[in-house]
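Heads up: the sequence lines are chains C and F, in that order.
With our numbering, letter number 35 in the first sequence gets 35, and the count goes up by one each step, no holes.
Take any residue in the second sequence, note its place counting from 1, add 1000, and you have its number in our numbering.
We put the beta carbon where it would ideally sit given N, CA and C, even for glycine.
Note that the structure is a prediction, hence the values are computed from the model and not measured.
Heads up, the thing below is written out as structure tokens.
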Amino acid sequence: MIAELLIHYRHWCLSQDSTATLADIVLREQALLDQPDYLVSDVIGRGEFDWDFRCLNDGFLQLVLPYMEQSSGSAPLFLSVLSDLKASSPTNEQAILLVEFGHFAALINDYYSFHEDLVADDVSPGRVSLLTQLRYAGQYLSNYPRYLLVRNRFQLGDRQQIDLHQALAGVVVTYGISRGVTLKWIERKYESVSREQYLQNGINAVHSYVILPVVLAMVLAGVDKKTINEVRGALGYLALAMKLAMERATLTGDGISKLSAAARTTATALSFPGLPFVDQRRPFDVAPSMDDLFNAAQESLLPNADEVINNYNKEIRVFLTLFEQQLTHGSILKRWGAELASTLANGGSIDA
Amino acid sequence: MRSEKQVFGSMPAGLRSFYRELIPTVRQGIKSYLPKTMDASFFETVTCERPLFDQDYQAIYDSTILPTHQYLQASGKVLRPILAAIILEAYGSQPEKLDQFLGAIEVMEDSSIIMDDYIDNSKLRRGISCAHVEHGFPIANIAGCTGFALSHYVFYQNIFGFDDDKARRLLDAVAWEHVQMAFGQMEELYWTESNVNDVNESQYFQQVIARCAFLSFRGPMHYAAIIADAPTGDLPVLARLGEYLLIGYHIKGDDLDMSPDSSAWGKIAGEDISTGRRTLLINHTLSVATAEDRKIIEKIISSRTEVEEEKQQIYNLILKYKTFEHTHEIAKKYHEKCYRCVDELQIGSVHQDLLREFTDFAIHDRKV
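What follows is the structure in structure tokens.
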């Protein structure tokens, strides 16, 4: 998903190294998920009574493993910012778990929130019950890596710990708001959605993939709050460019069809090409599920695909330029801006 | 919707007086903590992000906050903020100056029970339709988890300006509670989905503590104690007190679910059976029943029945095996343990008495 887009920015990426580092970190943690001794000593504590760990192998892992196979693609961004800020270390790199496990949980939560079984008029209790078990396995995934903060594995001072907690709390709310708004818009067939509203919801929707990894890396590197906030503002434009690039990819034939079932719901929700409809104030008249909406939108745009893609290209350029301009105002990351401008001038890989 | 009289009618006198005095502060705290509209400023507060464009604030409110407000309007018992207020006052803080903290605790509670309700597929809560019935499962899911996440901005935005050490300790405490809660939730859903029939009491209690103590009652007590600078030695005692209170409270809740003894309860009898939940009543009856009766219980519980006769059949078996007597004995034991914890706390006698009365009410006297 986002990875395919970010990978074009070679200067951001440690390419295969970062992928291997991420895979290694996730696999090592995955191996600990069903280890009672580790969970008791590091994660959930001993407790006065007995834990029942049967829920791990028979329930939890069976449910979540398919979702854990689809990386967020944010690792290169996170690792390269850490590296740029000279804060790379095995301990700090482990913080990518906070992004990755959150992403796995989002895949599951999206599967729940946008599942057609749950928007049907007559919802089967058995189906709801199964999906709910999955949903709460996702919740555990989302909360699990917080033990790294509780145990202060990153050996941070109070201020940095607070900033990490804050970033993680904020991203959960932003994620929820983006999905809640999308559900509401589907309900009303995107009527009366303004362009500005649509764009901001796009930023909120991909916040966890673009803004969060950079903020985490900057906090770990000890960057001051004022600078982090400046960069956050700029990253909003980058997030928007990414979101629109994902929408555009639905018309260029990339992406979703290649994804596993576990990742497809989130990809569909994020790649839904709604901007042309919002701009032209064209309402939808389809059944209220994300899949139906996505397919109808894609079908409707394909006859004019070239024109729509060109418009997307223009929009993406505008937002990348804004990103670049914001970063040149005193940001420690302004070199990104210069390199992005150069990338765009040379044919722009994001437009490829 | 239940009245405050229905809630505190059976409260011991001292607690009732404290409750009556404090309830306006809690209500004010809720009101100012969770506004009835969403705007750019509140968005920035709860997301820590400044929006670049205008947003559909009505859609944000409707999908993430409205269901919690509907639960808040139906008036819960507000026990958790009251308990937190007792702790604050016991260690020398003024609850009135921390009304938004007390409001936050109730917002946490009401957003989290949206999730409990769709897990149980309940129909009613406090006499009103549950959020998933009113808004559908997807919105209830988003509203529950987002409302719950944003209800903690009191801590992650440090709205009282606590020093860094205290602010960090509060956030660490919240994070730890949430890891516990998620693990406990997973344990219980596994038992239910996989029809596990051999859960022992120790496993059951650990699961209840993990799943519920983040709000009932360890979490609020812990947060209040940190805020009020309670002596370090009291923190583990308060944690134990919170857990023991929960066990007693939970047993009472299971009893009420099987046989609600007040019209103010606002729930449907025997929902735990329809959910297939392995409560203490069910687990204990399974452990002492004959093979034949055991088979009947297992069959009914795993069928998630809503048939009244089948629920009644389970109820009769619980009576036959004197399981209520067994659980009441356990509740009594934990009531005593709570009292012993209260004796250990380095607080004055007025607040010790309030905590004892809270224990009496939570474990014995409450009707809803």
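Beta-carbon proximity check, residue i vs residue j, cutoff 8 angstroms
i	j	result
F/A1173	F/Y1223	yes
C/L164	C/V231	no
C/F49	F/S1202	yes
F/A1167	F/T1064	no
F/I1304	F/T1323	The question names Ile, but residue 1304 of chain F is Arg in the sequence shown. Contact: no.
C/E191	C/P283	yes
F/Q1235	F/V1342	As written in the sequence, residue 1235 of chain F is Leu, which differs from the Gln given in the question. Going by C-beta atoms, F/L1235 is not nearer than 8 angstroms to F/V1342.
C/P213	C/F78	yes
F/L1150	F/V1046	yes
C/T268	C/M246	no
F/V1026	F/T1068	no
C/Q133	F/L1189	yes
F/Y1249	F/S1216	yes
F/I1297	F/T1279	no
F/I1086	F/F1358	yes
F/I1363	F/H1335	yes
C/G202	C/L251	no
C/L320	C/A234	no
C/Y198	C/V278	yes
F/L1124	F/I1227	no
C/T227	C/F154	no
C/L270	C/V206	yes
C/Y237	C/L322	yes
F/T1327	F/L1281	yes
F/D1272	F/D1254	yes
For residue i, the three-state DSSP class (helix, strand or coil)
i	result
C/S89	coil
F/I1297	helix
F/I1347	coil
C/H8	Only weak support is given to the placement of C/H8: the predicted model assigns it a pLDDT of 41, under 50, and the question is left unresolved by the model.
F/R1278	coil
C/S271	helix
F/S1093	coil
F/I1369	Given that chain F is displayed from residue 1001 to residue 1368, the structure contains no residue 1369 of chain F and the question cannot be resolved.
C/D84	helix
C/G59	helix
C/F323	helix
C/S41	helix
Test: residue i CB closer than 8 angstroms to a CB of chain C
i	result
F/T1025	no
F/D1172	yes
F/N1195	no
F/L1189	yes
F/I1142	yes
F/N1121	yes
F/P1067	no
F/Q1185	yes
F/C1130	no
F/Q1370	Because chain F is modelled from 1001 through 1368, residue 1370 of chain F falls outside the range shown and cannot be assessed.
F/H1178	yes
F/K1112	It is Ser, not Lys, that sits at residue 1112 of chain F in the sequence shown. No, no contact with chain C.
F/A1059	yes
F/V1078	no
Extent of the continuous alpha helix (DSSP H) to which residue i belongs
i	result
F/W1191	D1164 to E1193
F/D1110	D1099 to D1120
C/W185	D158 to E187
F/L1034	Unbroken run through F/L1034: none, as it is neither H nor E.
C/L244	K225 to A249
is_contact[residue i, chain F] using C-beta, thresh 8 angstroms
i	result
C/Q111	It is Tyr, not Gln, that sits at residue 111 of chain C in the sequence shown. It does not: the Cβ of C/Y111 has no partner Cβ on chain F nearer than 8 angstroms.
C/S165	A small correction: the amino acid at residue 165 of chain C is His; Ser does not occupy that position in the sequence shown. Chain F contact via Cβ: present.
C/T184	Inspection of the sequence shows that residue 184 of chain C is occupied by Lys rather than by Thr. Yes, its Cβ sits closer than 8 angstroms to a Cβ of chain F.
C/T174	yes
C/S194	yes
C/D224	no
C/I162	yes
C/S129	yes
C/I25	no
C/I203	yes
C/D50	yes
Cβ-heavy atom distance, residue i to the ligand MG, below 7 angstroms
i	result
F/P1095	The model on display carries no ligand, and the ligand MG is accordingly not part of it.
| message | With a threshold of 8 angstroms, are at least 3 pairs of Cβ atoms found where one atom belongs to the region 1112-1128 of chain F and the other to the region 90-105 of chain C? | response | no
| request: Please confirm if the region 222-239 of chain C is in contact with the region 169-179 of chain C, defined as three or more CB-CB distances below 8 angstroms between the two stretches. | output: no
| field | Contact the region 135-146 of chain C vs the region 180-188 of chain C: 3+ CB pairs below 8 angstroms | value | no
| said: Measuring CB atoms only, is the region 74-94 of chain C touching the region 1215-1233 of chain F, in the sense that at least three cross pairs come out at less than 8 angstroms? | reply: no
| query | Would the region 1177-1195 of chain F and the region 44-58 of chain C be scored as touching if the rule is three or more Cβ pairs under 8 angstroms? | reply | yes
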